[in-house]
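Chains as they are written, first to last, in my numbering: chain A, 1300 to 1538; chain B, 574 to 1164; chain C, 101 to 367.
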């Protein structure tokens, strides 16, 4: 009788941690849900990396698709940042290093979330030079190449900001560094699901941000260790 | 202008007192000349080291260079040069070499030292302006070098700094922020210094020649410096405003060179109405005469030195002068040959190619004059002589590749390839350098009062002569194969098979570079401890050899020479041997 | 020392010339309709300048060998005829060669850059940017959509800044990173730059042209052989200049038509 119980627990944990944020599931309330769209989104187009044969070969069997509007089954939207934008109690701090990979001429992950001053290590896993150009406006902007054989780049962002990142050498390579003051955030997975955990009781404003469609907000009040479910629905247009 | 005037009291200045006045803030053209030469020496060492780093990276792009990571943590993290750092090294290499070596040493350096002496004057016409020129040049150099340590590093747009890459600011890439502005400021200052210098050279040549020194009797090096300063006056007068306009586009929001609608680093640039081609026209209107500024003093120096070691007169001196003047004139009509494919009206390409090809005629004549001088000579193979002979060879090699590039139809294929790199390095990086080497070995005894070692000099010559052919001749083969220039790495399919040839060039370049240490050692040791030099160790005729080594403060010890002869009296019976000095009182006669 | 100089120079001359003459490193195969004229011009120039190169270097070597000072008291002698043969040689022989090359060469040049393209050319819009080339075909409607720099969005691969929402002719435009063309059919490119100066160079096509921001520059050619070749940038454009390359695929006519159909279906 124990085995299915453990399996259920495991599945529940997995479901809860899919698209999980930084705060470990412990005491506190949870805001979870899904991000979806209505209407017709733009097509996710295959990226032709012909100019960089090394990367083109890596994706020969399954081309990479554009990620600016990444959809999943059930009208789900992937790569949407959901976070507490108001009502946060206490400051965020973590010294755990976050890793960004340039692999197959893509930024992995496409959307990377960090806290202010959190150490960031950037790796070039490809047999080609990459160039990381975070187009920061509030933080200092920088632009560095990482040739084959170069060591990882160590960086950190001091102030909260949503920073678009591009590779100058490969025009299709785009990503985001999202610097958040709050530790309560999640990035939606392919199923569009998110979960913000460990929230003390209080009134919160939760914001969902999608790089093309902008932001949406909802107010949620947490009392005790309850789980509140909300959904964000973005209006999608083909162009 | 044909009647030489006596030395005017107005520019006469008293002997300097104190260390600073004697050696630092000196009005003496000889000290200023040596200061320019020392600056050029520092510049050429810097430029050469940059080229070693570039060549090493091209041959072995993923191999870390020991120590470089510490020196430049952003440009070469872990010792591996990034693409932008390669281009920054390349930009600084070109800028330093063209301006602070090739325009400074043969013209400002040797010209300042020897032009007044060769015309029999006490000093340049405007000693204070002369001193100012040097210090402005030094400040320009320091401003340029500072780009290595400020902001995002040095610019990456090449010494040609094409707009809009150079004009839009840091969106265009690392180094395009403060670094590019410092570059433009440095060049502006350099132009100011050169304009002042040109005024001095021209006035001194026209007004301060000693009694008997008609224009026809001037040494050919003096003629070359004089013609070069006229070219410089017009050329630098165009580059300076061009750089100022570039600075305005970068810091004052103007749009001289930037059209509307540019999106760089995802940002729409706030400019409209400018023309990138305008920068190219302004730059090359300066840029082409500039390369003649770099080589013409070399022509003069070779024409001056060759007869000394051939022990016979230069063949056709009046034809030589006529050719130098026509080259100078034509140099203003050809600038569009750098722009055949630039997007300007294609008909202009044909127009520009005509004078470009016509310039081959006076260039061929002067080369034949040198070869004709060697015919029937009694050659003394000293180090300066060897560098003169080497100059003729490498100038032929460099000039001939120009023949290809001058034709637009062929330039369609060869533009932007290593063929061009081979061409301009042969004429500028090798021929002009050989002129500087010849001048140094020839005039070191006069400037320092000490002889340089002939043994070390000959080793330097042989290793360099063979080395430069190994480095630069293969670049023509690379160009014929379509190898594009200014690439920091060769990752294209058709370029990969050419990498072994690049490795050969790199090894040759590193060896040839190392050989220059022989020259450096020889120069420094001789300057400090070489054997004392007599007044006229080479048995030469021009006025610098009729005074002491080194000359006294006012060049001729208060007794300005009276000139009876031209500089070409070699192979003729004279009081001291087979030559007659310019200031010799005896009548000239053929042996 | 003089004899050593002459010997070394002679060896250098022979070795350098040998590599040119034996085509050890040489131009790739010519796949263009106009290329043979350029190759011919190049060979002519190579021949005449090669002769000049060898003659002058060997003359220098020979004279240096012969005319060292052997301390035998002989007098120096002037070149026979003095300066006149030099001037005559340069003006007449070099001048004549120069004129001939200019005359012929200007026709070759005009044939490529000063003649209008064939009216039936395949029209392709080319945009260069830091650090890639993108090629745009008008699609089945035969019309290019208008471009808007403020709408450029690389993350969604809208490199040209098209406005398909409001501009119907933009909806079927085909944008690809590889220039795909049919063999033996005139192609007319329009070259535009998004950010800074770039250039279009295909060694096998014997064609090269700078892109100038603010200008739309026409370039036309006909490819005469199928295959896959490289387009490389030859105008310094920033840190990725060395990596700025696109492939050009020359296909048989039928295969090209199929490719165009397939691409149109994907828009």
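C-beta: ideal position from N, C-alpha, C; glycine also.
In the DSSP secondary-structure assignment, residue 839 of chain B is not bridged to any residue.
The contact set of residue 340 of chain C on chain A, defined by CB atoms closer than 7 angstroms, consists of 1430, 1467, 1468 in chain order. DSSP places residue 816 of chain B in the helix class (H, G or I) of the three-state scheme. Within the stretch 1356-1384 of chain A, contact with chain C at the beta-carbon level (separation under 9 angstroms) is assigned to 1365, 1366, 1367, 1368. The shortest C-alpha to C-alpha distance from residue 739 of chain B to any of B:821, B:594, B:772, B:695 is the one to B:821. Under the 9 angstroms criterion on CB atoms, residue 651 of chain B is classed as interfacial with respect to chain A. Cβ-Cβ distances below 6 angstroms link residue 857 of chain B to 908, 911 in the same chain, with the five nearest sequence neighbours on each side left out; the list follows chain order. For a Cβ distance threshold of 7 angstroms, nothing in chain A lies close to residue 871 of chain B: the least Cβ distance comes to about 39 angstroms.
In the structure shown, residue 258 of chain C falls within a strand segment according to DSSP collapsed to helix, strand and coil. Counting C-beta pairs closer than 8 angstroms gives three or more between the stretch 942-952 of chain B and the stretch 879-896 of chain B, which meets the contact rule. Restricting attention to C:252, C:213, C:341, the CA atom closest to the CA of residue 289 of chain C is found in C:213.
In the three-state scheme derived from DSSP, where H, G and I count as helix and E and B as strand, residue 357 of chain C is classed as helix. Note that the C-beta distance between residue 310 of chain C and residue 915 of chain B is below 9 angstroms. Note on geometry: alpha-carbon atoms of residue 831 of chain B and residue 1469 of chain A lie some 24 angstroms from one another. At a cut-off of 9 angstroms between beta carbons, residue 1445 of chain A contacts chain B.
Between residue 684 of chain B and residue 776 of chain B, the C-beta spacing is not below 9 angstroms. Nearest neighbour of residue 752 of chain B by Cα position, chosen from B:710, B:660, B:799, B:980, turns out to be B:660. By alpha-carbon distance to residue 1455 of chain A, the top candidate from A:1414, A:1422, A:1473 is A:1414. For a Cβ distance threshold of 7 angstroms, residue set 1065, 1066, 1067 of chain B lies close to residue 330 of chain C, ordered along the chain. Nearest CB-CB separation between residue 234 of chain C and chain B: not below the 9 angstroms threshold. The DSSP-derived three-state label of residue 1466 of chain A is strand. Closest in alpha carbon position to residue 1021 of chain B, among B:883, B:607, B:590, is B:607. The alpha-carbon separation between residue 628 of chain B and residue 1050 of chain B amounts to approximately 17 angstroms. Following the DSSP letters along the chain, one finds residue 1081 of chain B inside the alpha helix (DSSP H) bounded by residues 1072-1102. When A:1531, A:1503, A:1513 are compared, the shortest CA-CA separation from residue 1386 of chain A is found for A:1503. Residue 1465 of chain A sits close to residue 839 of chain B, with the two beta carbons spaced by under 9 angstroms. Within chain B, the residues whose beta carbon sits less than 9 angstroms from that of residue 306 of chain C are 985, 986, listed in sequence order.
Between the alpha carbons of residue 1027 of chain B and residue 187 of chain C lies a distance of about 36 angstroms. Shown in chain order are the members of the stretch 857-891 of chain B whose Cβ falls below 7 angstroms from a Cβ of chain C: 884, 885, 888, 889. Shown here for residue 1047 of chain B: same chain residues with a beta carbon closer than 6 angstroms to its own, the five before and five after excluded, namely 1074, 1078 in chain order.
Residue contact check for residue 1449 of chain A against chain B: a CB pair falls below 9 angstroms. In this structure, residue 1089 of chain B places its C-beta atom within 9 angstroms of the C-beta atom of residue 1037 of chain B. For a cut-off of 8 angstroms, the C-beta gap from residue 1424 of chain A to residue 1398 of chain A is around 11 angstroms, too long to register as a contact. Interface with chain C (9 angstroms Cβ-Cβ cutoff): residue 847 of chain B is included. With a threshold of 16 other beta carbon atoms within 10 Å, residue 232 of chain C meets it and is buried. Under DSSP, residue 1338 of chain A takes part in a beta bridge, and its partners are A:1535.
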